[in-house]
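First to last, the sequence lines map onto chains R, H, W and B. To get the numbering used here, take the position in the first sequence, counting from 1, and add 4. To get the numbering used here, take the position in the second sequence, counting from 1, and add 4. To get the numbering used here, take the position in the third sequence, counting from 1, and add 4. To get the numbering used here, take the position in the fourth sequence, counting from 1, and add 4. Using N, Cα and C, we set each Cβ at its ideal position, and we do this for glycine too. Note sheet for the following structure.
Protein chains: 4
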Amino acid sequence: MTTVTSRMNVRVGWGDCDPAGIVFFPRYLAFCNEATGALFESIGLPKPLLLRTYDIVGYPVVEVSANFFHPCTFGDDIVIESSVAEWGRSSFRLQHRILKDGELAVDCKEKRVWAARDPERPGGIRARAIPDEIKSLFSRGTA
Amino acid sequence: MTTVTSRMNVRVGWGDCDPAGIVFFPRYLAFCNEATGALFESIGLPKPLLLRTYDIVGYPVVEVSANFFHPCTFGDDIVIESSVAEWGRSSFRLQHRILKDGELAVDCKEKRVWAARDPERPGGIRARAIPDEIKSLFSRGTA
Amino acid sequence: MTTVTSRMNVRVGWGDCDPAGIVFFPRYLAFCNEATGALFESIGLPKPLLLRTYDIVGYPVVEVSANFFHPCTFGDDIVIESSVAEWGRSSFRLQHRILKDGELAVDCKEKRVWAARDPERPGGIRARAIPDEIKSLFSRGTA
Amino acid sequence: MTTVTSRMNVRVGWGDCDPAGIVFFPRYLAFCNEATGALFESIGLPKPLLLRTYDIVGYPVVEVSANFFHPCTFGDDIVIESSVAEWGRSSFRLQHRILKDGELAVDCKEKRVWAARDPERPGGIRARAIPDEIKSLFSRGTA
Numbered sequence: 005m006t007t008v009t010s011r012m013n014v015r016v017g018w019g020d021c022d023p024a025g026i027v028f029f030p031r032y033l034a035f036c037n038e039a040t041g042a043l044f045e046s047i048g049l050p051k052p053l054l055l056r057t058y059d060i061v062g063y064p065v066v067e068v069s070a071n072f073f074h075p076c077t078f079g080d081d082i083v084i085e086s087s088v089a090e091w092g093r094s095s096f097r098l099q100h101r102i103l104k105d106g107e108l109a110v111d112c113k114e115k116r117v118w119a120a121r122d123p124e125r126p127g128g129i130r131a132r133a134i135p136d137e138i139k140s141l142f143s144r145g146t147a
Numbered sequence: 005m006t007t008v009t010s011r012m013n014v015r016v017g018w019g020d021c022d023p024a025g026i027v028f029f030p031r032y033l034a035f036c037n038e039a040t041g042a043l044f045e046s047i048g049l050p051k052p053l054l055l056r057t058y059d060i061v062g063y064p065v066v067e068v069s070a071n072f073f074h075p076c077t078f079g080d081d082i083v084i085e086s087s088v089a090e091w092g093r094s095s096f097r098l099q100h101r102i103l104k105d106g107e108l109a110v111d112c113k114e115k116r117v118w119a120a121r122d123p124e125r126p127g128g129i130r131a132r133a134i135p136d137e138i139k140s141l142f143s144r145g146t147a
Numbered sequence: 005m006t007t008v009t010s011r012m013n014v015r016v017g018w019g020d021c022d023p024a025g026i027v028f029f030p031r032y033l034a035f036c037n038e039a040t041g042a043l044f045e046s047i048g049l050p051k052p053l054l055l056r057t058y059d060i061v062g063y064p065v066v067e068v069s070a071n072f073f074h075p076c077t078f079g080d081d082i083v084i085e086s087s088v089a090e091w092g093r094s095s096f097r098l099q100h101r102i103l104k105d106g107e108l109a110v111d112c113k114e115k116r117v118w119a120a121r122d123p124e125r126p127g128g129i130r131a132r133a134i135p136d137e138i139k140s141l142f143s144r145g146t147a
Numbered sequence: 005m006t007t008v009t010s011r012m013n014v015r016v017g018w019g020d021c022d023p024a025g026i027v028f029f030p031r032y033l034a035f036c037n038e039a040t041g042a043l044f045e046s047i048g049l050p051k052p053l054l055l056r057t058y059d060i061v062g063y064p065v066v067e068v069s070a071n072f073f074h075p076c077t078f079g080d081d082i083v084i085e086s087s088v089a090e091w092g093r094s095s096f097r098l099q100h101r102i103l104k105d106g107e108l109a110v111d112c113k114e115k116r117v118w119a120a121r122d123p124e125r126p127g128g129i130r131a132r133a134i135p136d137e138i139k140s141l142f143s144r145g146t147a
């Protein structure tokens, strides 16, 4: 078994950087959020289709951790490699590696939940079991 | 010895929220970044003064982790309680607690470095020892 | 007749500023967007209540223009004065003045529409007539 | 004489959209800001090189206006066509057209100034004459 890994290219923008001239760190996490979308898209499920097909509102983050090894700046071309590290019943863990010139600049881990509208609380959301077909789309059997 | 804790109020904006109607999680980390500024301001060092006085470019984050317990939405009034959890030679650890209606909504930990321009690499930055007076401003002796 | 003017205070954050050390200009427009919310709140309709009460999805901007006279930077305390300049059937024009130390730093004009879900296009939105009571809440008669 | 037009592709992200499910309008202006960078890059001057070569801090916006014709949402692939509409001595006007499925979704005009550090005010910036070679790089003679 191998696991799907997606690669998303990002050009760091002027508006992503702060007065120290480096990426304002929450922007890295916004990049990783879009990289999660790119990962689902790589298995044929761009986010609008994913939400419609499975009647969910999203996969909100419940835990995140990141290490920042090398600063990036405007004009930098970075690559974000993303994969699912672990599947739970209604949650899953992701790993993102942000590379600059082939070197690891940022390492980011997320735990997300599969979230649907809560029929009992208007405006509320609640976790739901992740469909098996989602999990299997992320595995490429080698048997 | 006690440690300084600052409290910053944030009104969650429409532009802080995503299509699921909840705060886009990187925005919480942007809030915590400003809360770090509020913490320094509470000891008499608003960021512009801090940078000038100590000739640093900032205190960039090298590690961050956060847990998201309850979603917040636009119009919510939240409070961010911030304090320094640990001092190192050139780095320090912070703890932020985001409260909504008195309940813990988000818990965030950061490790930051005291960073100055690197005289040997134009545009580069490097860690520097944190002045003792900074550390002592954060402690209120009870002797 | 006079018109309601709201005042919103904003502390410019580190993350609002760019590598030139000044506010990244789209952030001013994000501030003005929240100031529009503050204006409605000043007549007793914070945005969550406004959307629920009138069954709208928001008041999206269809035109915006802004002049930037003086740059602001992190740590600056600015004030945004907002008012409705003109009411149309399903649209309205707003005026925002961003003041720094009492001087006009940014002037911003928005045209917004009163927008509801379109029952005929899932996910679509369409303009709707602005209720008269909204318009009258913004006017303070002087008989 | 013709004028250089650049084309930049943007995938609209989840984090670019608001609770109404459409792009939060200041994000369009952030896209246009990066599109200005792409325009300069198309004449061989990516922003880091531009700033170094001409010793400027940037080309801050002094006026902006935009019309929003069709809403975009997460997952949309948009194209931004950018060109210089007019050159002044120390300022220039840009035109950005954001296309979705070939249709004009947003039209944005900016006036920017060529800005350098002000040697007389630490931290201040001031307009400077735009070098002729910049202007001529944007024109492709057809003689």
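Residue contact check for residue 57/W against chain H: no CB pair falls below 9 Å. The residue among 27/R, 34/R and 129/R with its C-alpha nearest the C-alpha of residue 28/H is 34/R. Under a criterion of Cβ atoms nearer than 7 Å, the residues of chain H adjacent to residue 78/W are, in order, 51 and 52.
Residue 97/H carries a strand assignment under DSSP once its states are collapsed to helix, strand and coil.
Within the same chain, 78 come within 8 Å of residue 17/W by CB-CB distance, once the 5 residues on both sides are set aside. At a cut-off of 9 Å between beta-carbon atoms, residue 62/R makes contact with chain B. With distances taken between CA atoms, residue 106/W lies nearest to 13/W out of 13/W, 6/W, 7/W and 8/W. The three-state reading of DSSP puts residue 125/B in coil, since its state is none of H, G, I, E or B.
Interface with chain W (9 Å Cβ-Cβ cutoff): residue 21/R is included. Take the alpha-carbon of residue 90/B and the one of residue 115/B: they are about 9 Å apart. In this structure, the CA atom of residue 83/R is about 45 Å from the CA atom of residue 58/W. The beta carbon of residue 32/R is closer than 6 Å to those of 110 in its chain, skipping five residues each way along the sequence. Distance check between residue 140/H and each of 24/H, 44/H and 22/H places 44/H closest, using alpha-carbon atoms only.
The Cβ atoms of residue 53/R and residue 61/R lie no closer than 9 Å to each other. At a cut-off of 4 residues, the continuous stretches assigned as alpha helix (DSSP H) that sit fully inside the region 42–115 of chain B are 51–58.
Interface flag for residue 41/R against chain W is unset, since no Cβ pair is found closer than 9 Å. For residue 122/W, the closest of 24/B, 112/B and 130/B by C-alpha to C-alpha distance is 24/B. Around residue 25/B, the beta-carbon contacts reaching into chain H at under 8 Å are 23.
Counting the other Cβ atoms within 10 Å of the Cβ of residue 40/W gives 16 or more, which makes it buried. In the DSSP assignment, residue 134/R falls outside any alpha helix (DSSP H), carrying neither H nor E. In the DSSP assignment, residue 13/H is bridged to 83/H. Residue state for residue 24/B is assigned as coil, using DSSP reduced to three classes. Around the CB of residue 96/B, 16 or more other CB atoms lie within 10 Å, so the residue is classed as buried. For residue 127/B, the residues of chain W that pass the 9 Å Cβ criterion are 25 and 77, in the order they occur in the chain.
Among the residues of chain B, those whose CB is under 8 Å from the CB of residue 18/R are 37, 38, 41, 51 and 62, following chain order. Contact check for residue 143/W and residue 7/W: beta-carbon distance about 6 Å, within the 8 Å limit, so the pair qualifies.
Under the 9 Å criterion on CB atoms, residue 28/W is classed as interfacial with respect to chain R.
Residue 88/H is positioned such that its CB atom lies no closer than 9 Å to that of residue 70/R. Annotated as distal: residue 64/W and residue 134/W, with beta-carbon spacing of 9 Å or more. Residue-level contact by beta carbon fails for residue 116/R and chain B, as no gap is shorter than 9 Å.
Looking at the DSSP output, residue 7/B sits in a beta bridge with 143/B.
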